[in-house]
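Its first residue numbered 34, the sequence shown is counted upward by one per residue in my numbering.
Every residue gets a Cβ at the ideal spot worked out from N, C-alpha and C, and that includes glycine.
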Amino acid sequence: MPKLELGPIGLLPPSAAAMGIFQPEIGSGMDLVEGSHVPTDKAIEKAAHELLTRRNPTLFPGPMIVWGWNDETIHKAEKAMELVREVPGMNVIPMPDYRPIYPKIDPEAVINPCHPNLTINHNKIETCAFIGLHCHFANVTLKMIRANTNCYTIAFCAYDGHEDALISLSDFDGSKLQKMTDAIRKAKKDGVEPWALTKDGKEELEEIAARKAAAKHPEKQDTTLFMGELVQGLDENAE
Numbered sequence: 034m035p036k037l038e039l040g041p042i043g044l045l046p047p048s049a050a051a052m053g054i055f056q057p058e059i060g061s062g063m064d065l066v067e068g069s070h071v072p073t074d075k076a077i078e079k080a081a082h083e084l085l086t087r088r089n090p091t092l093f094p095g096p097m098i099v100w101g102w103n104d105e106t107i108h109k110a111e112k113a114m115e116l117v118r119e120v121p122g123m124n125v126i127p128m129p130d131y132r133p134i135y136p137k138i139d140p141e142a143v144i145n146p147c148h149p150n151l152t153i154n155h156n157k158i159e160t161c162a163f164i165g166l167h168c169h170f171a172n173v174t175l176k177m178i179r180a181n182t183n184c185y186t187i188a189f190c191a192y193d194g195h196e197d198a199l200i201s202l203s204d205f206d207g208s209k210l211q212k213m214t215d216a217i218r219k220a221k222k223d224g225v226e227p228w229a230l231t232k233d234g235k236e237e238l239e240e241i242a243a244r245k246a247a248a249k250h251p252e253k254q255d256t257t258l259f260m261g262e263l264v265q266g267l268d269e270n271a272e
């Protein structure tokens with residue numbers, strides 16, 4: 034079976050489906066790992082290892098989690114945050130609004146389907162998990178990430194899954210989310226060292242924390258005042 038490779042692949046890489054990679058049948062007990070069908074428990078173990086050991090692990094929750102529109106969503110959001118607490122140094126960057134954010138986005142604060150590579154590269158994210166996204170936006174975003182970054186993507190999908198993710202877990206409900214969290218706990222207990230607890234991880238997280246603290250309280254000499262002259266716009270009635 035074709036293997037889905039970690040990016041960056043380059044401009045307009047072929048989709049996983051074009052490479053002959055398809056989701057396992059629902060109810061088969063199988064999920065996708067790098068283009069191959071593997072038992073769901075093995076896929077969960079692999080996802081736990083990647084989230085723990087790669088640089089700057091990040092959860093990207095989408096509107097179906099962020100908006101908390103029913104009891105099941107609220108329950109799943111709580112379980113998702115429980116998972117985040119089990120991965121040392123894990124970030125949470127939401128995708129709360131699908132409309133393009135122009136003229137620019139704040140890549141530290143939000144991920145947008147039009148600019149996912151900006152957020153991932155800016156925050157030096159090398160592994161991430163998506164949860165609560167509408168499938169059509171997840172598909173676009175995953176392709177862009179594989180094209181332009183070296184981020185190891187994991188899709189927690191409530192439906193059929195996403196073949197363009199390096200790991201795709203389908204029918205991802207509260208019970209599977211709990212299994213995911215339990216697998217992370219087991220991996221740590223078995224001796225897997227989280228990236229955030231390594232020497233490089235500690236140094237990077239300390240630098241990030243210091244930079245964010247400085248940004249909240251800038252020195253007077255570091256502030257920039259807008260001193261530009263206003264420019265008159267085009268006059269539609271001009272001859």
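Compare the C-alpha of residue i against each of the options and name the closest.
i, options, result
"G43", "T231, M177 and A247", "M177"
"M123", "T106, H250, L238 and K249", "L238"
"M97", "D64, P47, A171 and F55", "A171"
"V117", "A242, D215 and K232", "D215"
"A51", "M63, L230 and D197", "D197"
"M128", "G53, K137 and A142", "A142"
"H169", "L151, H195 and I144", "H195"
"H82", "V66, P94 and F93", "V66"
"D204", "P140, K109 and A49", "K109"
"N150", "K79, L230, L175 and C190", "L175"
"C190", "L37, G95 and K249", "G95"
"R218", "E115, K249 and D64", "E115"
"E58", "W228, D193 and T152", "D193"
"Q56", "P35, L45 and P46", "P35"
"L37", "L199, E240, A246 and A242", "L199"
"I241", "D74, A162, Y131 and H155", "H155"
"Y131", "E111, E105, K249 and V99", "V99"
"P146", "F93, E105, H250 and D74", "F93"
Quick check on DSSP: helix, strand or coil for residue i?
i, result
"C190", "coil"
"M52", "helix"
"F205", "coil"
"P129", "coil"
"D223", "coil"
"N103", "coil"
"N183", "coil"
"N124", "strand"
"I178", "helix"
"I200", "strand"
"K212", "helix"
"K75", "helix"
"K36", "coil"
"L44", "coil"
"I59", "coil"
Given a threshold of 16 other Cβ atoms within 10 Å of its Cβ, counted over all protein chains shown, does residue i qualify as buried or as exposed?
i, result
"Y185", "buried"
"I134", "exposed"
"G60", "exposed"
"R179", "buried"
"H148", "buried"
"D139", "exposed"
"Q211", "exposed"
"G62", "exposed"
"L230", "exposed"
"A220", "buried"
"W102", "exposed"
"P47", "exposed"
When you measure from the CB of residue i to every non-hydrogen atom of the ligand MG, does any distance come out below 7 Å?
i, result
"E119", "With respect to the ligand MG, the structure shown offers nothing to examine, as it has no ligands at all."
To the nearest whole angstrom, what separates the beta carbons of residue i and residue j, a pair I think is in contact under 8 Å?
i, j, result
"T86", "V225", "7 Å"
"L166", "V120", "Not really, about 19 Å apart at Cβ, beyond 8 Å."
"A113", "I164", "6 Å"
"S201", "A188", "5 Å"
"T182", "G40", "6 Å"
"I126", "I144", "5 Å"
"K157", "N89", "5 Å"
"M213", "A49", "Not really, about 22 Å apart at Cβ, beyond 8 Å."
Ends of the beta strand (DSSP E) at residue i?
i, result
"V143", "That residue, V143, is in no beta strand (DSSP E); it is neither H nor E in DSSP."
"H70", "S69 to P72"
"I164", "T160 to I164"
"T91", "T91 to P94"
"D64", "M63 to V66"
Span of the alpha helix (DSSP H) holding residue i?
i, result
"K232", "K232 to K249"
"N154", "P149 to H155"
Determine, for residue i, whether the minimum Cβ-Cβ distance to residues of chain C falls below 8 Å.
i, result
"S208", "This model lacks chain C altogether; it includes just one protein chain."
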